[in-house]
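Colleague: Residue numbers (mature numbering (1 follows the signal peptide of the UniProt record, and there is no 0)): -28 to -1, 1 to 362.
In this text, a Cβ means the ideal position worked out from N, Cα and C, and glycines have one as well.
What you are looking at is a predicted structure, and each value in this text was computed from that prediction instead of being measured.
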Amino acid sequence: MAMTCFVKRILQSALCLTVFLYSTTVDAQISRIENLLNKIESYNNFSYQSIIKRKDMSADTTVAHNKELFLKAPHDKLYGYLYSIETDYKTEKFHKIDLYTGDGLNILSPQDSTFSREKRPSSEYSRSLMGGLKFLRDRFNKRPFKIAMLKDTIINAVTNSHLIANVYDTLDNNDHLYSNRHYYINKQTGLPSLITIKGRYKYNGLVNDYYDETQYFDYKLNRADITNASFVIPKGFKPPANKITPDLLAVGTTAPDWTLYDANGKKLSLSELKGKVVMLDFYFIGCSGCMASIKPLNVIYEKYQNKGLIIASLTERDSRKAVLDFERRYKIKYTSYINADQVVKSYYVTGFPTFYFIDKEGKVGNVFVGYDDDFAGKVTSIINDLLSKK
């Protein structure tokens, strides 16, 4: 009995020690993130610039130049800050400023000096230095993950400590899904000089790779000239004029002819396809509805490829290289055609995905925009109807 009690006390002590060591390790891991977040939150205001390179799915890499400014606002329950996040894309014609004033989000367009009010949360905030650190802390508190210090790294002749957060790592039907965040902290300033995010995730059953690299520079802290007035909509900006969106081509309209090349250099003209039913899929890589339509379109292609149906996917923005990788990675069985910007205009496409169905005589037989749960059934019904007509 005495030996049994002794063994029980030993086991209880060992269990307590294990729990203590685990808790201590977990606390030490998250403290590295909290210390960085606390340092940033210690400033009344701060600003920085960044260069962001991002590649998602098989799309081309986008490059943006950001200028971000934050002012502490203790009364604000949503973020605790007022902020301005200016994003100027270098790889496409897109420039905007997310301006949060405490009573709503304004999206400014410097190109035409207009602004619009948004009810949705800012995606740019979640990608910001502050938003990313808060996400990491909150995620860790709900479901702890491994955070480790690696060897110091030299960036621009300055020593940086290297922190890695393995946010998740799992197997899903033998697919390795993960997300790793690397923080490189300048040892002279204690502020990040580089953050990279690398991961693999599933969307609509498709496995996608993601990479994000953000270089930070030009930090300015506790500037005397930053006040609430810094977040007022600038003079000269106005609400956009009501734009009349042109209607899609009406059923019965002769479909405008086009000549395009696929990613392998093969030429095709719509006029060559008279006598067949043609489905035009206007898309771009990364569009949620476009990606969701891949699997059902593959099935439809296999079912009708020898019954008089042609499926042609048209993209105005994706490069030849991106499309080749896209077709290979997602095992797409129908063909994509590139540089379709003029076709997009002549068919009055303003939303993606848009699907046109051209009948055997070369006229618009049907058209709709978007993807829903009944997509396969809707498309099949339209195709059957057009194929049955002589």
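1. Which word fits R300, buried or exposed, when buried means at least 16 other C-beta atoms lie within 10 angstroms of its C-beta?
2. In the DSSP assignment, what residue or residues form a beta bridge with L359?
3. Report the partner residues of D234 according to the DSSP bridge assignment.
4. Span of the alpha helix (DSSP H) holding Y97?
5. Should T217 and T322 be called a contact, given that it needs their Cβ atoms to be closer than 8 Å?
6. Using the DSSP secondary-structure output, state which residues sit across from S22 in a beta bridge.
7. Here's the rule I'm using: 16 or more other beta-carbon atoms within 10 Å means buried, otherwise exposed. How should P93 be labelled?
8. Between the alpha carbons of P325 and N10, how many angstroms are there, rounded?
9. For E96, collect the residues of the same chain with a Cβ closer than 7 Å to its Cβ; drop the 5 residues on either side in sequence, then sort them by chain order.
10. May I ask you to report which of helix, strand or coil DSSP gives R292?
11. Would the beta-carbon of M29 fall within 8 Å of that of N236?
12. Does L122 pass the burial test, meaning 16 or more other C-beta atoms within 10 Å, or should it be called exposed?
13. Go through its chain and collect everything with a Cβ distance to A45's Cβ below 7 Å, but skip five positions before and after it.
14. Can you list, in chain order, the residues of its chain with a C-beta nearer than 8 Å to that of S(-6)? Leave out the 5 residues immediately preceding and following it.
15. With respect to the beta strand (DSSP E) encompassing K264, which residues constitute its N-terminal and C-terminal limits?
16. From the DSSP output, read off the bridge partner residues of V179.
17. Can you tell me whether D124 is helix, strand or coil according to DSSP?
18. Is DSSP giving K239 helix, strand or coil here?
19. Can we say the segment 123 to 137 touches the segment 13 to 28, given the rule of at least three CB pairs closer than 8 Å?
20. To which residues of the same chain is T186 closer than 6 Å at the C-beta, ignoring the five residues directly before and after it?
21. Are the CB atoms of V351 and I272 nearer to each other than 8 Å?
22. How about I12 and M102: do their beta carbons lie closer than 8 Å?
23. Around the C-beta of S308, are 16 or more other C-beta atoms found within 10 angstroms, so that it is buried, or is it exposed?
24. Can you name the start and end residues of the beta strand (DSSP E) that F340 belongs to?
25. Assess, as a yes-or-no matter, whether the segment 134 to 142 is touched by the segment 152 to 159 under the definition of 3 or more beta carbon pairs within less than 8 Å.
26. Just verifying my parser: in three-state terms, what is the DSSP assignment at M29?
27. First and last residue of the beta strand (DSSP E) that includes D346?
28. So L252 and L286 are in contact, right, with Cβ under 8 Å, and what is the actual spacing, rounded?
29. On a Cα-Cα basis, can you pick out the residue from R4, L359, K118, N132 that is closest to V249?
30. Can you give me the start and stop residues for the beta strand (DSSP E) that residue 380 sits inside?
31. Among the residues of its own chain, which have a CB less than 6 Å from the CB of L105, if the five just before and after it don't count?
32. Check the DSSP bridge columns for F329 and list the partner residues they point to.
Modeller: Quick answer:
1. exposed
2. In DSSP, L359 forms no bridge with anything.
3. Y309
4. 95 to 99
5. yes
6. N38, Y188
7. exposed
8. 43 Å
9. I57, T59, D70
10. helix
11. no
12. exposed
13. G52, Y53, L54, G74
14. The predicted position of S(-6) is uncertain, since its pLDDT is 42 and thus under 50; no value can be drawn from it.
15. Sequence check: residue 264 is Ala here, not Lys. That residue, A264, is in no beta strand (DSSP E); its alpha helix (DSSP H) goes 260 to 264.
16. K174
17. strand
18. strand
19. no
20. S22, I24, I167
21. yes
22. yes
23. buried
24. 336 to 341
25. yes
26. coil
27. No beta strand (DSSP E) contains D346, which DSSP labels as neither H nor E.
28. 6 Å
29. L359
30. Any question about residue 380 goes unanswered here, given that the chain covers just -28 to 362.
31. L9
32. M251, N338
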